[in-house]
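Chemist: Quick one: this structure, given as structure tokens, is what I'll be asking you about.
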Amino acid sequence: MASQQNVFAAAGEGNLPEVKRLVEAGSSLEQGDKDGLTPLMIAIKNGHREVSEFLVGEMSSQSLSVVTTSDKWNALHWMAAFGRPWLDIWKTIQRKCPDLWDQTDGNQKRPIDKSREHRDRSQRHRQLYQELEGALQDEYIKGISKKVEKKCNLTITFTGHEGVGKTCLVEQLRNNVIPPEGPASTNTANIHVKYMLFDPETFEKETIEEGSELEVGNQRIKRVLTSPGEVSENRNETDSGTRIADRSTTGVPLPSTHHNMQLLEMSLTPEQENEVDEYEQFMKWLNDCNSKGVDQWEESMNTEHPSREQQRLVQKFLTIFSRRLDRRNYCTCCSSECCGNLWYRCQQCVNTNICKTCYGRSIQPEKEHDSSHTMIFTGHTGHKYKCRGCECSCLDTLFKCKTCKDVYVCLGCYTKDRFNHPPTHELEKIVRVKYAARITSDDQHEATKAVLETVVQTDTKTKGLVTIYDFGGEKIFYNTHHCILTNDMIFILVFDVSICLDQNEERKEAGYDRIEFWLRSIATSAIDEALKKRGTPPIILIGSHMDLVPGSEDEKEDIFRGILTRLSSNPEIKTVIQKHVKDMFYVSNLNDSSKNRELYDKIWRAIIDAAECQSQWLKEIPARWLALEQELVKKKIAGYKVLEFKDLKLLNKTLAVPLQDAEEINTFVRYLKTTGYFLCFGLDEWEESLESKKTRGRENSCFIILDPQWIISAFKCIITSPKYKTNLSIKEKEEWQAYEESGELPVGFMQSLMKKETGQQFIEKFKFICIVMETLGLISSPLLDTNEELEEYIVPCMMKEAVPSRIQTILDKPFTIKTPVLCIKFDNDFIPQAIWDKTIAKCLHRFRPMTEPGYEQSELIQRGFVCLSENNLWKVVLNCHKNAMKVLLFARSGSRIPSGKGVEFRKFLDFWLPRVLEMNHQGHFRYNYYLHNDYQFSKNEIMVKAEDLAELDQLPCQGGNGESFLSQKDYGIWFEDNTQVQCSVGAVDALSVHVPDRSPSPKEMARISKFIGKDYQSFFMQLKCPIASVERFFHDYQGFSCRVPITKILVDMINSRPNIGFPQIAFAMKEEDIDVKQLQTVLDSNRNYQYTDMDFPETLLQRALSVNNVSILIDYISPKVSFILFLELNLKVNTIETEEVSVRDVREQITTLIKRWIKDEGRAATVHKLLLAMKECDMNIYDLVKSLQENI
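Letter 1107 of the sequence shown, counting from 1, is numbered 1107 in full-length UniProt numbering, and no numbers are missing.
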């Protein structure tokens, strides 16, 4: 006993020799004093480091786990409370007894919490806290960089016709009590996002309380960080990077051969192209350094007044070749030497290096470094990532040999084949992970803290999240459903058994037709044969209302099986059932919550069993994706409804470990699409623009809906059944009836419907909601002239059913010439009507509706049927039915049909149909071209396959008009593509119009654009301009005057096709019934440069403008047409577009360009010239003159 008291005293006094003697004599290190303090705790309390270090080395994990009697403090609590920044001792304790880190005291505080609580007591306390925080951040970064989650979430979608009991089944599976009157009918869809957790191993379910979505996300990330698993074999196992498959060689290692180098060069990202350019520059500088010495070279570089970017490259060069050039790198914060693997380098600053200690403590340099910058963790720079070729320290893309240890090659040496290595060895690509500028910005600190402080259960490795989509069954909702459906869902198809047994044969057949409709519809989500074989997407059949069927349970089961047998008698449906249906049940008394609990448990088990058939089941999700997803959840909770792609990129930059590049962000968004938590639209167009490197405006069209129920509620304001519109006034009911009959929705009425639904919530986002709906093909805005205001939208799915025969009398009129009918027929027998509705929506947005005396527009635009004007002469009929679309061109003319007449319109459909299919998640559908003799559909019709007719003189076809023969001449009308515009100067001279035989200047093109207006699509089809080019420019310049994209298309087209000139443009204008004589007014030689219709003081008109006047001018220049203005002011197209790309703020662009014009023109930059240019752009010159008179 005396010996034990002596060890307490010796530890308190810091007498290390005495402590050693007593320990050797057998004194206990586990026993505490009267307050429960062990000798170690006493030494820590009194600040005796050497004694503490000795005791920790002698103690077992059991003795280290002792806590004090009253406070329940362990040894780490004591170190935290008394501010002992002895990290080596702390780490030794953690290694011996890992549980101490998360152990809580009597106040439920961990050691890190205690350190945070006491951090302001002294410098020691602050130092310890910073060290611990740095260690925590390192732990977090390491886990977020390396770990993955195997996706095991469920998205369950309930489908079926109205009144079958889908919502009752949803509530039963959610264990909710159904009221006696039953649940309300579902209007469009109800979404329950992340409402339940389930254990994929034990099948246990746990309801998530409302408002705890953020906590669930933190638990999910923490579970991944604490799991023993690392990244998959496809990812790097170092702290510094993650391996990703190259697009051109997905999943295939790259042998070090010249052939594969060429393959890689073809798929370089813009960032990697920059890396190769930098490499070439670095090689030149390296030669210079070798020839005249690095100091002399650096001095010469500094005397040449380098730009900031040049300075950054110089410093990067000196950093990565520091070992070869015998240079040292120092921390920008603390000036200590950065050596080994303990530093980070900023990718944006000229020369910012931060050692790992400063980075972990969130110490920021005082210079230009900013929190938006990204950092590269150098990770053993100097030896581990040393390039085998140039001996640089790889900070960017590199390749690692899979055979040799620690053999790396930088991207430059790889692409230029400048390294020696066995050609049989395989290399794999590594993209270095980029980190935030500082890990502990306030938001990052809180996010990290929230995750690391989260307590999770350790009884299972993974928990899945359950999201439920309950779709309304009315037919009108199907178009909106297809905007949401993916193959990463489990479909619960509910049908009413009693209808299939109805005595009324017509009602009975309708019951079976509905089941078959949904089975076909769901099966179309299988994007390839591999998924079909796997049974993706999985379906569970539920027969409802079995309580209405008489008989015993055995008899009911026989009846139910009989229905399934009847369904399987159709070979197509039998195949769907065999491949996709995983289980089937029948249910009685769906609205009684006291019954069938055992059955509902079986249905749950079947759902979980079917989970492995989801397309993304057990796919690996990087932990950093979960961190970014968690940030989206925070935005949603904060009230944000939508996030544009550009905002997602900015949000990504704020993360501790951001996603690495645009390609990874794209992949992340594709992952989001499959979760069901968010809705993502426009990604396909953005990826197309990335591939073409023309991304202007595309970030605004790719967006994420953070609250799916919000956008669904917007849809149901205008696309719904009349039974849900019970709160309309008499006037509004009349307007609704007119809307249902025509499909035409006035903007004012649309706003009124949305305001009635949610007050001002939708009105504030009205423009965005319209963009979403138009992007999805749910609504279409008609073509507008430059100064027209949008008054109404067309809603294809709300239009009345088509009666194609109604226009036969138009086609039978004298002197009407008709092309053979082009038929686009899909390989699938079943095509959702939404495909045709959305295709027609795209057509209505780009062509004028046809007008015909004696016909209402509602007769010429119907659901699945539309008559359009391709130009002044030719009209187009589109007729869609089941899995085919027929296209007919006709005109009233005595002339013959020119060869290739239908080619451009076919190209238009070829452009848009695949995009509509992708939009509908059915991009895997394939179609073929046929020719026919009848625009209407009839039984037993025989079509001619286009490719067959290309090889034979003629073939027979059969339609409603009887039998006829089609020839190669008919084929040529749709498929013989003459790339030359059929025109000559003589053809234009025949119109008594003289135009020069040359290409117009950009300024003249801008003036021509004024005459084209909303007929741009058919005008450019006449000029054989690629549809993709037209769509890209109009997409990129949404919100601008249509003159801007028209001018840009003309500039782009004439630059690539010099044979297009005034004669060809005149011919196209003539075909569009645009007054060709107006071309005379666009020529510079014919312009009147003096005002004759307004009285402005001559002294003012001749006054030269200065840069001091720009602040006055800027308020009167319309951004929507400023591009045209600057062309009129003789600025070059490249000058204007360079400013557009480099400066995102439009007002700043205009300011810079006006100053540029004034500087270039000097005294010739007069008020007169500016007013003349503004008049050409229809800008307000009168108010500008008044302002100039008052101010200059």
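Note that beta-carbon positions come from the ideal geometry of N, C-alpha and C, so glycine has one too. Please read all numbers here as calculations on a predicted model, not as lab measurements.
Going by DSSP, name the residue or residues bridged to P849.
Modeler: Taking the first residue of the sequence shown as position 1, residue 849 is located at position 849. The partner list for P849 (beta bridge, DSSP) reads L868.
Chemist: Based on Cα-Cα distance, which residue from A1006, V876, I490, Q922 lies nearest to V903?
Modeler: By 1-based counting over the sequence shown, the position of residue 903 is 903. Considering only alpha carbons, the answer is V876.
Chemist: Are any of the Cβ atoms in chain C nearer than 9 Å to that of N961?
Modeler: Protein chains in the displayed structure number just one, and chain C is not present.
Chemist: The alpha helix (DSSP H) spanning P550 covers which residue range?
Modeler: Counting from one through the sequence shown, the residue named residue 550 turns up at place 550. Neither: P550 is in no alpha helix (DSSP H) and is coded neither H nor E.
Chemist: With a threshold of 6 Å on Cβ separation, who are the neighbours of S780 within its own chain once the five nearest residues in sequence on each side are excluded?
Modeler: For this step, residue 780 is matched to residue 780 along the sequence shown. Excluding positions up to five away in sequence, the list reads I794, A841, L844, H845.
Chemist: Hey, is the stretch 1097-1113 in contact with the stretch 1184-1191, meaning 3+ C-beta pairs nearer than 8 Å?
Modeler: yes
Chemist: Whose C-alpha, out of L29, G748, S893, is nearest the C-alpha of S65?
Modeler: The residue given as residue 65 occupies position 65 in the sequence shown. Answer by Cα proximity: L29.
Chemist: In chain order, what residues of the same chain have a beta carbon less than 7 Å from the beta carbon of I1027, not counting five sequence neighbours either side?
Modeler: Translated into positions along the sequence shown, residue 1027 becomes position 1027. Answer for I1027: K907, F908, F911, listed in chain order.
Chemist: Indicate the three-state DSSP secondary structure (helix, strand or coil) for M489 in the structure shown.
Modeler: As a first step, residue 489 is located in the sequence shown; it is residue number 489 there, counting from the start. Three-state DSSP puts M489 in coil, outside helix and strand.
Chemist: Which value, in whole angstroms, describes the spacing of the CA atoms of T381 and L776?
Modeler: Taking the sequence shown and counting its residues from 1, the one referred to as residue 381 is at position 381. Taking the sequence shown and counting its residues from 1, the one referred to as residue 776 is at position 776. Note that T381 scores 41 on pLDDT, short of 50, meaning its location in the model is unreliable and no value can be drawn from it.
Chemist: For D837, report the span of its beta strand (DSSP E) as first-last.
Modeler: Locating residue 837 in the sequence shown gives position 837, where the first residue counts as 1. Unbroken run through D837 is the alpha helix (DSSP H), 833-844; no beta strand (DSSP E).
Chemist: Could you tell me which of V1143, L128, S1142, L1079 sits nearest to K91, measuring between CA atoms?
Modeler: Here residue 91 refers to the residue found at position 91 of the sequence shown. Measuring from the Cα of K91, the nearest candidate turns out to be L128.
Chemist: Measure the CB-CB distance between G900 and N879 and report whether it falls below 9 Å.
Modeler: Stepping through the sequence shown from its first residue, residue 900 is reached at position 900. Stepping through the sequence shown from its first residue, residue 879 is reached at position 879. For the 9 Å CB-CB criterion, G900 and N879 do not form a contact.
Chemist: Under the rule that 16 or more other beta-carbon atoms within 10 Å means buried, what is P832, buried or exposed?
Modeler: Along the sequence shown, read from residue 1 onward, the residue named residue 832 stands at position 832. By the neighbour-count rule (16 or more Cβ atoms within 10 Å), P832 is buried.
Chemist: Inspect the CB distances between the stretch 1048-1064 and the stretch 852-870 and report whether three or more fall short of 8 Å.
Modeler: no
Chemist: Out of T480, P853, V821, point me to the one whose CA is closest to T809's CA.
Modeler: Here residue 809 is taken as the residue at index 809 of the sequence shown, counted from 1. Closest option to T809, judged by alpha-carbon separation, among T480, P853, V821: P853.
Chemist: Quick check: the stretch 573-587 against the stretch 533-545, are at least 3 beta-carbon pairs closer than 8 Å?
Modeler: yes
Chemist: Flag this pair as touching only if the stretch 788-803 and the stretch 735-752 have three or more C-beta atom pairs under 8 Å; answer yes or no.
Modeler: yes
Chemist: Please state the DSSP three-state secondary structure of F471.
Modeler: Within the sequence shown, residue 471 is the residue found at index 471, counting from 1. In the structure shown, F471 sits in a strand (DSSP, three-state: E or B).
Chemist: For G14, which residues of its own chain have a beta-carbon under 6 Å away from its beta-carbon, when the five flanking residues on both sides are left out?
Modeler: Residue 14 sits at position 14 when you count from the first residue of the sequence shown. Cβ within range, chain order: H48, V51.
Chemist: According to DSSP, is L778 part of a helix, a strand, or is it coil?
Modeler: For the purposes of this step, residue 778 is identified with residue 778 of the sequence shown, where counting begins at 1. If DSSP states are grouped into helix, strand and coil, L778 belongs with coil.
Chemist: Relative to the C-alpha of R95, which residue among D558, R110, G57, D71 is closest?
Modeler: Working through the sequence shown from its first residue, we reach residue 95 at position 95. Of D558, R110, G57, D71, the residue nearest in Cα terms is G57.
Chemist: Taking 8 Å as the cut-off, does the stretch 384-403 touch the stretch 417-430 (at least 3 CB pairs, one atom from each stretch)?
Modeler: yes
Chemist: Inspect the beta-carbon positions of R220 and L452 and report whether they are closer than 9 Å.
Modeler: Indexing the sequence shown from 1 puts residue 220 at position 220. Indexing the sequence shown from 1 puts residue 452 at position 452. Cβ distance not < 9 Å, so R220 and L452 don't count as in contact.
Chemist: Measuring alpha carbon to alpha carbon, tell me which residue in E764, D1160, I1192, P814 is nearest Q751.
Modeler: Start at 1 with the first residue of the sequence shown, and residue 751 comes out as number 751. Of the listed residues, the one whose Cα sits closest to Q751 is E764.
Chemist: Would you mind sorting Q1102 into buried or exposed? The rule is 16 or more other CB atoms within 10 Å of its CB.
Modeler: To locate residue 1102, count along the sequence shown from 1; it is residue 1102. The residue in question, Q1102, is exposed, as its Cβ has fewer than 16 Cβ neighbours within 10 Å.
Chemist: Throw me the rounded Cβ distance for the C349 and H369 pair, which I believe falls under 8 Å.
Modeler: Sequence index remark: in the sequence shown, residue 349 carries index 349 (1-based). Sequence index remark: in the sequence shown, residue 369 carries index 369 (1-based). Yes, they are in contact, since the Cβ atoms of C349 and H369 sit about 5 Å apart, within 8 Å.
Chemist: Measuring CB atoms only, is the stretch 152-170 touching the stretch 587-606, in the sense that at least three cross pairs come out at less than 8 Å?
Modeler: yes
Chemist: Would you mind stating whether T1047 and A1104 have Cβ atoms separated by less than 9 Å?
Modeler: Here the question's residue 1047 lines up with position 1047 in the sequence shown. Here the question's residue 1104 lines up with position 1104 in the sequence shown. No.
Chemist: Ignore the nearest five residues each way along the sequence and tell me which others in N190's own chain have a CB closer than 6 Å to its CB.
Modeler: In the sequence shown, counting from the first residue as 1, residue 190 sits at position 190. Once the five neighbours on either side are set aside, the close Cβ partners of N190 are D470.
Chemist: Under 8 Å by Cβ, that's how I've got R301 and C346 pegged, so tell me the actual separation to the nearest angstrom.
Modeler: Taking the sequence shown and counting its residues from 1, the one referred to as residue 301 is at position 301. Taking the sequence shown and counting its residues from 1, the one referred to as residue 346 is at position 346. Note that residue 301 is Met in the sequence shown, not Arg. Between C346 and M301 the Cβ distance is about 20 Å, and since that is not below 8 Å, they are no contact.
Chemist: Anyone know if the C-beta pair for L753 and I718 falls short of 9 Å?
Modeler: On the sequence shown, position 753 is the one that residue 753 refers to. On the sequence shown, position 718 is the one that residue 718 refers to. It is a contact, given that the beta carbons lie within the stated cut-off.
Chemist: With DSSP run on the structure shown, which of helix, strand or coil describes N727?
Modeler: By 1-based counting over the sequence shown, the position of residue 727 is 727. It is coil, neither helix nor strand.
Chemist: Excluding the five sequence neighbours on either side, which residues of its own chain have a C-beta within less than 6 Å of the C-beta of V7, listed in chain order?
Modeler: Position 7 of the sequence shown, counted from the first residue, corresponds to residue 7. L22, S27, P39, listed in sequence order.
Chemist: Do you know whose CA, among R514, N487, V456, I490, lies nearest V497's CA?
Modeler: In the sequence shown, residue 497 corresponds to position 497, counting from 1. Closest by alpha carbon: R514.
Chemist: Contact check, F491 vs I563 under 8 Å by CB: the rounded distance?
Modeler: If you number the sequence shown from 1, residue 491 lands on position 491. If you number the sequence shown from 1, residue 563 lands on position 563. In fact, because the Cβ distance is near 18 Å, the residues do not count as touching under 8 Å.
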